[in-house]
Amino acid sequence: MTWHVSVELFEAYDQGRLDPSRVMAVDAHLQACPVCRGAVPVDVVWLDRSWSVVLDAVESPATDRAERVLQRLGLPEHRVRLLSATPALRWSWLASTAAVLAFAVVAAYTGRAGAETVQLLFLIIAPVLPVLAVATAYGPPADPMHEITATTPLAGPSLALWRATAVVGVSMAMGLVAAILLPGPGWYALAWLLPAFLLCVSTLALATAMPLRVAAGVFGGAWLAGTGALAVSGADVSPAFHEPGAQAGYLAAAVAAAAVLTVRRRRLDPGETR
Amino acid sequence: MSIVSIIGLGKRYGATTALAGLDLEIGPGVTGLLGPNGAGKTTLLRCLATALAPDSGRIEAFGLDPAVAGQRTELRRRLGYLPQDPGLYPNFTAFALLDYVAVLKELTDAPRRRAEVCRVLAEVGLEDQARVTVRKLSGGMRQRLGLAQALLGDPALLVLDEPTVGLDPEQRMLFRALISRLGETRTVLLSTHQTEDVGALCERVVVLRQGREVFDGTPRALAALADGRVWLSATAPDTHQVYWRNADGEYRTLGARPPHGEPVRPSIEDGYLMLLGPVATEAVR
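Chains A and B supply the protein sequences, listed in that same order.
Per the numbering used here, residue 1 is the first one in the first sequence, and the count goes up by one each step.
Per the numbering used here, residue 1001 is the first one in the second sequence, and the count goes up by one each step.
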């Protein structure tokens, strides 16, 4: 480079006193000439700060709304990544919560209108939804990356439990929100929660002896068959939900299943497939 | 020095025997596994990567037994595994995917984890693709991303199931450069269908057939199995042996000498075919 920007020209450029065509000429020269570029006065602190903001924006993956909510609930950032990273989990969250809400709405309005069949259907089907979510929370075939996940040090019962808890927790919380928001007597929007909790904990307890989705099939199927048969036989199914005794029974059974799960939790993920 | 000991490893899938009592010692450097489909390569790698429990026999790596839960976790801390079908989430960006696997590998501290993700992205030459979703990456880029996740946490043992599949020649060359560099300080076990990969990368090659080891030695020794069995001739040999017409219009024959056949230096592929191909039975015995 044979020509450099003179001190006077630089001053005029820096203070914005040049006409546009000369500004463009100096700009073009600065891009090509490291010597003159070096002479441009720089606020180092400002530059460093801007650069680190850019780096952060480029390097850190975007956190979506669900992740921010979980972080606000007090979960550490790495745990949130773990929970929100499984697409199967996310889809099952969306699907189950949306379905639960839709069912709650339907039940509330048809309940008012006296459509007892739909109400009954809600009470029978709603507890199975979180069980479906649990079935897709961990392991193949719901997780296409399971082969990689399963061979990391974090794989194992605690990861399976964390994921299952997350999906069950979200489905239950959404159900509760629906119960509060919806009009009408509301007991049937709440009444499925304990049966659902019982089915989920029992599924996880049974999953210590067989694959998760088989266990989910056993309890989900048993529930549907049992309540379905009761409904078809013409018996009144609703006392099974709104009687305090029945609800206490669900709770007691869930506590028992939780005890089994606690004792046998190490077998929840055998570590290596056979 | 042996890092991995495989003793009498057996695995069956119903009536099919995948591994039939395999014994193998693996030391530092790059070891290649060759063999036809169904020879047991993937089963062996899955067992070593703690994804699959064998029916019989045992594995010991770094003195750790993966059949014991605590030791299995410790082994996983030192392991990088690229499965044949990694199943990388298509809606994740390259960065987010590696970030997720890094959490699974116990890198809980966010700034350290980010630095590690950037390091492996640069290692496989994907730093420009950090924000691109897996769905939009080319096949070769996905394969490199698969390798990148195996490199997270700088593991001492790398288990790579067909790492060069789906790569074009230039990408394969980059891959070879990376893997051979890794092999200088680590133990790398990889399976492949490419005999060129073995020649270019591996100090040692193990050939499996029907769950058994049929060869263990250097790539040169594998090629030497076909010494004096590869011929070039101007006319097509009148035999039932394997031959083909090469680009120069000459006939390359594997097996007994055809009329006017000139001996040729065998390639690794020749040695491999002698071992397993149709000529194997009459040639090896």
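We treat Cβ as the ideally placed atom computed from N, Cα and C, and that holds for glycine.
By the 10 Å Cβ neighbour count, where 16 or more other Cβ atoms means buried, how is residue i classified, buried or exposed?
i       : result
K1105/B : buried
A222/A  : exposed
Q1143/B : buried
G1063/B : exposed
V201/A  : buried
H1240/B : exposed
H78/A   : buried
P34/A   : exposed
L251/A  : exposed
T1218/B : exposed
T1187/B : buried
Y1013/B : exposed
Q31/A   : exposed
D1227/B : exposed
Q1129/B : buried
R49/A   : exposed
L1201/B : buried
L1158/B : buried
T1185/B : exposed
R1173/B : Looking at the sequence provided, one finds Met at residue 1173/B rather than Arg. Looking at its Cβ environment, which holds fewer than 16 other Cβ atoms inside 10 Å, M1173/B is exposed.
T262/A  : exposed
G1139/B : exposed
E1116/B : buried
L1114/B : The identity of residue 1114/B in the sequence shown is Arg, whereas the question assumes Leu. Result: buried.
So, at 8 angstroms on beta carbons, what are the nonlocal neighbours of residue i in its own chain, with the 5 sequence-adjacent residues on each side left out?
i       : result
A191/A  : L123, F241, H242, Q247
V134/A  : A164, V167, V168, C200, T203, L204, L212, A216
A1122/B : none
V23/A   : Y13
W46/A   : none
G1244/B : It should be pointed out that residue 1244/B corresponds to Trp in this sequence rather than to Gly. The answer, listed in chain order, is Y1251, R1252.
Please determine, among the options, the residue with the shortest C-alpha to C-alpha distance to residue i.
i       : options                            : result
L1178/B : H1193/B, V1205/B, A1150/B, T1195/B : A1150/B
L1137/B : Y1089/B, V1101/B, L1174/B          : Y1089/B
V128/A  : L268/A, V218/A, Q31/A, R266/A      : V218/A
E1074/B : G1249/B, E1269/B, D1065/B          : D1065/B
T273/A  : A1067/B, G1057/B, S1002/B, I1003/B : A1067/B
I1003/B : N1037/B, R1078/B, L1254/B          : R1078/B
Y1192/B : L1160/B, S1267/B, E1250/B, A1247/B : Looking at the sequence shown, residue 1192/B is not Tyr but Thr. Considering only alpha carbons, the answer is L1160/B.
C36/A   : V232/A, E11/A, A137/A              : E11/A
L1276/B : P1263/B, E1262/B, G1255/B          : G1255/B
A254/A  : V7/A, L9/A, L206/A, Y138/A         : L206/A
One question on the structure: do residue i and residue j come within less than 8 angstroms of each other, judged by their Cβ atoms?
i       : j       : result
A1234/B : H1260/B : yes
A196/A  : A126/A  : yes
L1147/B : P1163/B : yes
G1032/B : L1019/B : no
P140/A  : R1076/B : no
L1225/B : M1274/B : yes
V1132/B : A1094/B : yes
D43/A   : A160/A  : no
L1022/B : E1213/B : yes
E147/A  : P1083/B : yes
Y1081/B : T149/A  : no
L1097/B : L1048/B : no
S158/A  : P130/A  : no
L18/A   : V5/A    : no
M145/A  : P1086/B : yes
T1195/B : L1044/B : no
P1266/B : V1230/B : yes
R81/A   : D1099/B : yes
G1211/B : T1017/B : yes
L198/A  : A257/A  : yes
Between residue i and the ligand ADP, is the CB less than 7 angstroms from at least one heavy atom?
i       : result
H1240/B : Of the ligands one can find in the structure shown there are none, so the ligand ADP has no counterpart to examine.
Please return the same chain residues whose Cβ sits closer than 6 angstroms to the Cβ of residue i, not counting the five positions on each side in sequence.
i       : result
A166/A  : L83
G1271/B : L1222, A1223, L1225, A1226
E1060/B : S1005
V1124/B : R1144, L1147, A1148
G220/A  : V128, V131
R267/A  : T208
W187/A  : H242
M1001/B : G1027
Residues in the same chain with beta-carbon distance under 7 angstroms from residue i, minus the five sequence neighbours each way, listed in chain order, please.
i       : result
G1183/B : G1029, V1030
Q1171/B : G1140
Within 8 angstroms (strictly less), CB to CB, does residue i reach chain D?
i    : result
H4/A : The structure shown contains no chain D; its protein chains are A and B.
**Prompt:** Taking the runs of the alpha helix (DSSP H) that are 4 residues or longer, which of them lie wholly in the segment 1073 to 1122 of chain B?
**Reply:** Within the segment 1073 to 1122 of chain B, the complete alpha helix (DSSP H) runs of at least 4 residues are 1094 to 1104.
**Those runs of the alpha helix (DSSP H) which lie wholly inside the segment 1124 to 1174 of chain B and span at least 4 residues** = As far as the segment 1124 to 1174 of chain B is concerned, its whole alpha helix (DSSP H) runs of at least 4 residues are 1139 to 1151.
**Message:** I'd like the ranges of any alpha helix (DSSP H) spanning at least 4 consecutive residues and lying wholly in the segment 152 to 229 of chain A.
**Reply:** Fully enclosed alpha helix (DSSP H) runs of no fewer than 4 residues occupy 157 to 181, 187 to 191, 193 to 206 of the segment 152 to 229 of chain A, in order along the chain.
**Item:** Every unbroken alpha helix (DSSP H) within the segment 1178 to 1220 of chain B, with a cutoff of 4 residues, ordered by chain
**Value:** The DSSP assignment places complete alpha helix (DSSP H) segments of no fewer than 4 residues inside the segment 1178 to 1220 of chain B at 1195 to 1201, in order along the chain.
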